[in-house]
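Peer 1:
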Amino acid sequence: MSTIYDNWERLVAATLRREQLWQMFHAHSRTPSISSTASDSSSSSQLSDFPFEFSSSSSWYQQNSVPEIGVYGRRYNANDSEAKPRKAEKSQKIKELKELAPGDIFVNGKPLSNRELNMLLRCRYPPKKLRPGNYWYDKVSGFWGKQGQKPSQIISTHLDLGGLLERHASNGDTLVYINNREITKVELRVLQLDDGKLCPGTHLWMNEDGTYQEEGQYSMRGNIWGKMAMKLLWSIFSLPFPPKFSYTTGELFITNHLEQSAFQKILLIGYSGSGTSTIFKQAMFLYKTIPFLEHELEQIKLLIQSNIYRYIRVLLEGHEKFEEENLNESRERQLSDFADHASDRKIIHSFSPRLKAFSDWILKSVESGRMGVFSASFIEATAPFMEELLRSPAFQRMVIRRSESQRVNSFADYFLERAVHIFKPDYQPSHLDILYAEGFPSPLSYMDFSFPPPRDVEVDIGYLQDFMIRYQFIRLNAFGDNETSFEIFEDVRIVIFCVSLCDYDQFVTDENGSLVNKMIYHRQCFESKVTNPIFDQKGFLLLLTKYDLFEEKIEHVPLNQCDWFDDFHPVGKQGRIGEKGFYYISIKFKRLYTALTGRKLYVTKVNCLKQDSVDEALKYARNMLKWEEETSDCSYTYYSSG
Numbered sequence: 245m246s247t248i249y250d251n252w253e254r255l256v257a258a259t260l261r262r263e264q265l266w267q268m269f270h271a272h273s274r275t276p277s278i279s280s281t282a283s284d285s286s287s288s289s290q291l292s293d294f295p296f297e298f299s300s301s302s303s304w305y306q307q308n309s310v311p312e313i314g315v316y317g318r319r320y321n322a323n324d325s326e327a328k329p330r331k332a333e334k335s336q337k338i339k340e341l342k343e344l345a346p347g348d349i350f351v352n353g354k355p356l357s358n359r360e361l362n363m364l365l366r367c368r369y370p371p372k373k374l375r376p377g378n379y380w381y382d383k384v385s386g387f388w389g390k391q392g393q394k395p396s397q398i399i400s401t402h403l404d405l406g407g408l409l410e411r412h413a414s415n416g417d418t419l420v421y422i423n424n425r426e427i428t429k430v431e432l433r434v435l436q437l438d439d440g441k442l443c444p445g446t447h448l449w450m451n452e453d454g455t456y457q458e459e460g461q462y463s464m465r466g467n468i469w470g471k472m473a474m475k476l477l478w479s480i481f482s483l484p485f486p487p488k489f490s491y492t493t494g495e496l497f498i499t500n501h502l503e504q505s506a507f508q509k510i511l512l513i514g515y516s517g518s519g520t521s522t523i524f525k526q527a528m529f530l531y532k533t534i535p536f537l538e539h540e541l542e543q544i545k546l547l548i549q550s551n552i553y554r555y556i557r558v559l560l561e562g563h564e565k566f567e568e569e570n571l572n573e574s575r576e577r578q579l580s581d582f583a584d585h586a587s588d589r590k591i592i593h594s595f596s597p598r599l600k601a602f603s604d605w606i607l608k609s610v611e612s613g614r615m616g617v618f619s620a621s622f623i624e625a626t627a628p629f630m631e632e633l634l635r636s637p638a639f640q641r642m643v644i645r646r647s648e649s650q651r652v653n654s655f656a657d658y659f660l661e662r663a664v665h666i667f668k669p670d671y672q673p674s675h676l677d678i679l680y681a682e683g684f685p686s687p688l689s690y691m692d693f694s695f696p697p698p699r700d701v702e703v704d705i706g707y708l709q710d711f712m713i714r715y716q717f718i719r720l721n722a723f724g725d726n727e728t729s730f731e732i733f734e735d736v737r738i739v740i741f742c743v744s745l746c747d748y749d750q751f752v753t754d755e756n757g758s759l760v761n762k763m764i765y766h767r768q769c770f771e772s773k774v775t776n777p778i779f780d781q782k783g784f785l786l787l788l789t790k791y792d793l794f795e796e797k798i799e800h801v802p803l804n805q806c807d808w809f810d811d812f813h814p815v816g817k818q819g820r821i822g823e824k825g826f827y828y829i830s831i832k833f834k835r836l837y838t839a840l841t842g843r844k845l846y847v848t849k850v851n852c853l854k855q856d857s858v859d860e861a862l863k864y865a866r867n868m869l870k871w872e873e874e875t876s877d878c879s880y881t882y883y884s885s886g
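To convert, note that position 37 of the sequence shown is 281 in this note's numbering; the numbers rise steadily by one, no gaps.
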């Protein structure tokens, strides 16, 4: 036991030393993003009261090493006070992908920050097979290549990252320049096949659509993507060709007249549990080629594992009640047997002393308010205890009886059934795991996207232009009554407000510490947002979420459980009660909105776990923008003609 305890001390010391040093040297560069680090609580606070004395002698402790998930992916030896790195066990390819981090990529001589790296990897046409190294990037034409080499790809243009394009970025020696970069001989050869002889000292300016002109001249000299033969030439000489929809095909040219900064901004807000997190994640799956980056998946994994601690805490709260019931049953069976030894009266479903200490620690941590998103080192260190707890008969009985606790929701059921697998070292969140995960690593998240055109459908260019519009989808995790907290959203076009239909019989503690019906609390939050001057004249879309669960619930729980809905009296037996309830709640919010603003509120229902439903809801928001623009144009025409 003393040897194991010493190992624990060394492990904790090494872990804390590493994390303290990392935070010291990286604190200045940590910026929030879609996956801003959710495990800011240090291991020192998470492990300070951890009961080391009941460590087991499992194989994990015999290994005496903890994989540390982070920027460098190193392993630390619990017996090594200096925490020397070990060789990674995974393949080199996976290691390189996981180690891609801010500072690994240099663009035009400047290392990319976390924000710039996210922007590069999430743009519409990101560089393929990106590895740590030095690259050059022409922001105007989109040409991209390794430092000192010819262009290898054409990526999205006008990305605000890296430094200025250097004249000798591609190590050209032709004295012919495109956007101030001296081009290579192979580029010059292809251009001469299209444009004739280009004299040394020629400076060309090339746009993203392939048009180019000589600097100082107004007339266009040509369009390298305007001829089908150019695609063949560039492929023959192993030069990149622009992505689909950004070049001409015969006489057809799809203009990209929209500036990169001209986003149609949509803000998504709602109280905890209203579905904003699931909707945002569904949008990532729907509209992004790479929904989540490696480090974002790591943060979601930690979020899921930390949530399981919270679910277990709820079950543990009822454990004393279960033990008392077991004790009473045992005493009743043994009333006539006074000769039994004390050891024979042991309760079958009680925890061992080690697990009892572990479960007490979980309860204490939660009650003291320190239960956030745990760090990777903490999850790894406590994994053996968690597995032992999950497999214990006492906990298995609690899981069976979890329906007796009203605080255990369907998400908890889903993860508790998979908890043993989730705490395995090789666990990777599945698509459904990500959707079911309650919460989001970052309080403020955003994504840029465009709606994909329908497949296998012939459309004209005018219709296709609608699918080239770029949207910025912003999710705000928490409400704020301070108006200044919403000033950054002044330029949003539409506000999507989410309300869970199932909350009409639930209660929540408001800012004053009073217990209030959750649906009435939704109404109060809704009122404060629609009357906020920042959102004056903004379009509002109310999403009533969890409609599928609402249909089942309203059959058994009357809607008038909420005082605001006390006048709900459906007439007749025709039609589903769920549909009537949805329509009734929609009218209540519409009348409230009109009374407060004098404008029209758009309302629709959504099942957050179904992609098609979320896609339809977001397309509904897109159509709202069209309607608002058409109404504005009609009003302008009317008053102009008057």
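Just so you know, even glycine gets a beta-carbon here, dropped at the ideal spot from N, CA and C.
Check whether the Cβ of F717 lies closer than 7 Å to any heavy atom of the ligand SAM, and answer yes or no.
Peer 2: For the ligand SAM, the structure offers nothing, since it holds no ligand at all.
Peer 1: Below 8 Å between beta carbons: does that hold for G407 and N451?
Peer 2: no
Peer 1: Suppose contacts are defined by Cβ-Cβ distances below 8 Å. Is K394 in contact with V430 by that definition?
Peer 2: Going by C-beta atoms, K394 is nearer than 8 Å to V430.
Peer 1: Over the uninterrupted beta strand (DSSP E) stretch that includes G514, give me the two end residues.
Peer 2: 508–514
Peer 1: Name the one or two DSSP bridge partners that I718 has.
Peer 2: L511, Y690
Peer 1: Give the straight-line distance between the Cα atoms of N415 and I427, rounded to the nearest whole angstrom.
Peer 2: 8 Å
Peer 1: Does DSSP put T525 in a helix, in a strand, or in coil?
Peer 2: At residue 525 the sequence reads Lys, which differs from the Thr that was named. If DSSP states are grouped into helix, strand and coil, K525 belongs with the helices.
Peer 1: Kindly list the residues whose CB is nearer than 6 Å to the CB of Y369, restricted to its own chain and excluding five residues on each side of it in sequence; keep chain order.
Peer 2: I399, S400, P487
Peer 1: Could you tell me the alpha carbon to alpha carbon distance between Y379 and M630, rounded to whole angstroms?
Peer 2: 45 Å
Peer 1: Report the option in D348, H675, V739 whose CA atom is closest to the CA atom of P535.
Peer 2: H675
Peer 1: Just how far apart, CA to CA, sit N804 and F812?
Peer 2: 7 Å
Peer 1: Helix, strand or coil for T401? Go by DSSP, reduced to three states.
Peer 2: coil
Peer 1: Distance check for I513 and V847, CA to CA, integer angstroms please.
Peer 2: 15 Å
Peer 1: Can you tell me whether S744 is helix, strand or coil according to DSSP?
Peer 2: In this structure, S744 counts as strand in the three-state DSSP scheme.
Peer 1: With respect to the alpha helix (DSSP H) encompassing T841, which residues constitute its N-terminal and C-terminal limits?
Peer 2: 821–841
Peer 1: Please name the residue or residues paired with R425 in a DSSP beta bridge.
Peer 2: I422
Peer 1: Alpha carbon to alpha carbon, how far is V801 from I821?
Peer 2: 11 Å
Peer 1: Within the same chain, show all residues whose beta-carbon is closer than 6 Å to that of V760, passing over the 5 residues directly before and after it, in chain order.
Peer 2: D754
Peer 1: Alpha carbon to alpha carbon, what distance is there between W449 and V420?
Peer 2: The alpha-carbon atoms of V420 and W449 are separated by roughly 11 Å.
Peer 1: With DSSP run on the structure shown, which of helix, strand or coil describes K608?
Peer 2: helix
Peer 1: Below 7 Å CB to CB, which residues in the same chain sit around M868 once its five sequence neighbours on both sides are set aside?
Peer 2: If we look at M868 and ignore the five residues flanking it on each side, its Cβ neighbours are I738, G783, L785, Y846.
Peer 1: Comparing alpha-carbon positions, which option in A865, D453, I798 lies nearest W469?
Peer 2: Cα-wise, what sits closest to W469 is D453.
Peer 1: Given a threshold of 16 other Cβ atoms within 10 Å of its Cβ, counted over all protein chains shown, does D382 qualify as buried or as exposed?
Peer 2: buried
Peer 1: Per DSSP, P355 forms a beta bridge with which residues?
Peer 2: F350
Peer 1: Which of the three DSSP states, helix, strand or coil, is assigned to E360?
Peer 2: helix
Peer 1: Going by C-alpha distance, which of S694, Q781, E682 is nearest I544?
Peer 2: E682
Peer 1: Go ahead and label Y320 buried or exposed: buried means 16 or more other beta carbons lie within 10 angstroms of its beta carbon, across all protein chains shown.
Peer 2: Any reading at Y320 must be qualified, since the residue scores a pLDDT of 30, below 50, and its modelled position is unreliable; the value itself is stated next. Classification of Y320: buried, given that the 10 Å Cβ count is 16 or more.
Peer 1: So what's H813 in DSSP terms, helix, strand or just coil?
Peer 2: coil
Peer 1: Helix, strand or coil: how does DSSP classify W871 here?
Peer 2: helix
Peer 1: Alpha carbon to alpha carbon, what distance is there between S603 and S594?
Peer 2: 12 Å
Peer 1: Keeping to the same chain, check which residues put their C-beta closer than 6 Å to that of D810; ignore five residues upstream and five downstream.
Peer 2: N804
Peer 1: Cutting at 7 Å between CB atoms, please list the residues of its own chain near I666, excluding the five before and the five after it.
Peer 2: Counting only Cβ-Cβ distances below 7 Å, and skipping sequence neighbours, we find I548, Q549, I552, F659.
Peer 1: Find the nearest neighbour of R557 within the set T841, E734, M642, judged by alpha-carbon distance.
Peer 2: Per the Cα distances, M642.
Peer 1: Please classify V617: does DSSP put it in a helix, a strand, or coil?
Peer 2: coil
Peer 1: Could you please give me the residues that DSSP links to W449 through a beta bridge?
Peer 2: Beta-bridge partners of W449 (DSSP): Q457.
Peer 1: For Y462, count neighbouring C-beta atoms within 10 Å of its own C-beta (all shown protein chains included) and say buried if the count is 16 or more, exposed if not.
Peer 2: exposed
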